[in-house]
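The structure appears below as structure tokens.
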Amino acid sequence: MPKWPDPDAASDPDAARPNAIAQVSRRLGIEPTVEALLDLSRRELGEGRATRLLELARLAPLTRRNWATAVIAQLILGTRELSLEWWATAHEEQVMARQWDSRGTPDALLEAGHASSGGREITGSCLDQLGCWIADDVSDKRWGRPVDYVDLNDSRRDDRIVLPDGARAGDRYVAAWDPGGRIWVDIIERDTPPDPEAERRGRRRGRLGSRLGDFWYDEIEALWEAWIGAIRNPLLLPGEISGEMSDPLAGAVDPVIGGRLAEWALANGATNAELGLPWKTRQDLWVARARLDPLKRASGKWLGFENAIVAAIDGDQGRLIEELARLAPS
96 MPKWPDPDAA SDPDAARPNA IAQVSRRLGI EPTVEALLDL SRRELGEGRA TRLLELARLA
156 PLTRRNWATA VIAQLILGTR ELSLEWWATA HEEQVMARQW DSRGTPDALL EAGHASSGGR
216 EITGSCLDQL GCWIADDVSD KRWGRPVDYV DLNDSRRDDR IVLPDGARAG DRYVAAWDPG
276 GRIWVDIIER DTPPDPEAER RGRRRGRLGS RLGDFWYDEI EALWEAWIGA IRNPLLLPGE
336 ISGEMSDPLA GAVDPVIGGR LAEWALANGA TNAELGLPWK TRQDLWVARA RLDPLKRASG
396 KWLGFENAIV AAIDGDQGRL IEELARLAPS
């Protein structure tokens with residue numbers, strides 16, 4: 096595998112990466128490499144599913160291939176928990192408090208190749224949604240179905256769920272807050288008067304209300320994050336050889352686009368040493384992005400440049416045009 100700098104790594108990658116590698120090895124029983132992962136997927140998911148998953152991973156943007164392969168890792172671990180029957184069983188999704196709709200089987204979604212709803216929408220295929228499905232289904236098996244969904248971006252702890260029928264003070268339920276994310280909800284009796292608005296929404300019943308408790312991620316979601324921390328982009332998939340025509344990063348950079356990006360970066364404080372000019376290939380853009388000071392890249396002033404250079408690496412022409420149009424003049 097090529098040893099290119101990883102612009103998505105932490106400022107001190109040596110501090111976090113060993114722990115991520117250890118987590119992947121402990122959970123999957125393999126060294127965290129794409130080759131080992133794909134071999135494991137063939138053995139545990141079957142040749143047909145493994146081949147299709149690899150096809151979909153190739154659709155992911157180059158800067159997010161580790162996200163796509165992280166879903167494959169999730170699917171392996173989740174299938175161990177739920178068995179291969181999961182793939183042929185209709186997945187049910189919570190659409191509102193204690194109401195569920197069937198979304199079809201994972202095998203059907205895998206064959207279709209595209210997501211119909213939900214998901215992180217980052218890999219360019221149904222992989223995002225499959226990862227969400229298996230994380231939720233494993234969580235449901237371990238802790239039971241959630242009674243409602245809560246948005247943890249809202250800082251309020253009280254009266255956030257529709258109270259289940261028959262709920263009494265002292266009862267504890269589980270709610271969802273993200274795919275594979277769950278939170279305890281305790282039913283309590285309040286000293287305050289009834290709240291008509293909360294009553295209307297089903298979140299209070301007289302003095303009976305609820306309070307959010309501890310929240311957590313399932314191990315499936317923890318593996319997703321560990322894989323991303325352990326596996327660095329850009330990834331080469333089977334059949335791709337570094338520096339040859341099969342290498343997706345060997346593609347040429349449009350000199351007009353490259354010139355505009357370089358001109359803006361130089362005018363805003365970047366150095367020739369950081370940029371590594373001239374840029375001829377997407378690999379050159381990748382190395383330049385990695386060399387730039389992470390604090391500089393994270394600043395608001397550089398956000399447009401960051402988005403534009405990612406779009407150029409990924410070959411996303413539509414997004415590239417949009418980002419260049421928004422790129423603030425120096």
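In our numbering, the protein residues as written are 96 to 425.
Backbone N, C-alpha and C define an ideal beta-carbon position, used for all residues, glycine too.
Using the C-alpha atoms, what's the distance from residue j back to residue i?
i	j	result
D254	V269	14 Å
P259	P201	30 Å
A165	N114	16 Å
R193	D235	13 Å
L331	P156	12 Å
R121	S136	16 Å
L204	Q378	33 Å
G239	R159	32 Å
E335	I217	22 Å
Residues in the same chain with beta-carbon distance under 8 Å from residue i, minus the five sequence neighbours each way, listed in chain order, please.
i	result
R414	N402, A406
T376	L344, A345, G346, A347, V348
L361	N367, L370
Excluding the five sequence neighbours on either side, which residues of its own chain have a C-beta within less than 6 Å of the C-beta of residue i, listed in chain order?
i	result
S220	L151, L154, G208
A262	I282
Y244	A271
Is it right to say residue i is buried, meaning 16 or more other beta carbons lie within 10 angstroms of its own, or is it exposed?
i	result
W195	exposed
T146	exposed
A183	exposed
G324	buried
I326	buried
S394	exposed
T366	exposed
P350	exposed
A321	buried
D246	exposed
G214	In this predicted model, G214 has a pLDDT of only 44, less than 50, meaning its place in the structure is not dependable enough to derive any value.
P97	Caution is warranted here: a pLDDT of 32 is assigned to P97, below 50, making its placement in the model unreliable, and the coordinate value is therefore given only provisionally. Its Cβ having fewer than 16 others within 10 Å, P97 is exposed.
Might you give, ordered along the chain, the residues of its own chain that have their beta carbon closer than 7 Å to the beta carbon of residue i, omitting 5 neighbours on each side?
i	result
G338	A345
R252	R306, L307
**Stretch-stretch touch, CB-based, cutoff 8 Å, three pairs: the region 313-331 with the region 225-236** = With a cut-off of 8 Å on Cβ pairs, the region 313-331 is in contact with the region 225-236, counting three or more such pairs.
**Message:** Can you confirm whether the region 290-305 touches the region 333-349 when touching is taken to mean that 3 or more C-beta pairs between the two stretches lie within less than 8 Å?
**Reply:** Taking 8 Å as the limit for Cβ pairs, the verdict is that the region 290-305 does not touch the region 333-349.
**Minimum length 4: unbroken alpha helix (DSSP H) runs contained in the region 152-202** = Entirely contained in the region 152-202, the alpha helix (DSSP H) runs reaching 4 residues are, in chain order, 160-177.
**Within the region 217-243, ranges of the alpha helix (DSSP H) (whole runs, at least 4 residues)** = Taking only runs of at least 4 residues, the alpha helix (DSSP H) segments lying wholly in the region 217-243 are 222-238.
**Message:** In chain order, what are the residue ranges of uninterrupted beta strand (DSSP E) at least 3 long that sit wholly in the region 276-330?
**Reply:** The region 276-330 contains these whole beta strand (DSSP E) runs: 276-284, 303-312.
**Message:** I'd like to know if the region 298-311 and the region 277-285 are in contact, where contact means that at least 3 CB-CB pairs between them fall below 8 Å.
**Reply:** Touching, yes.
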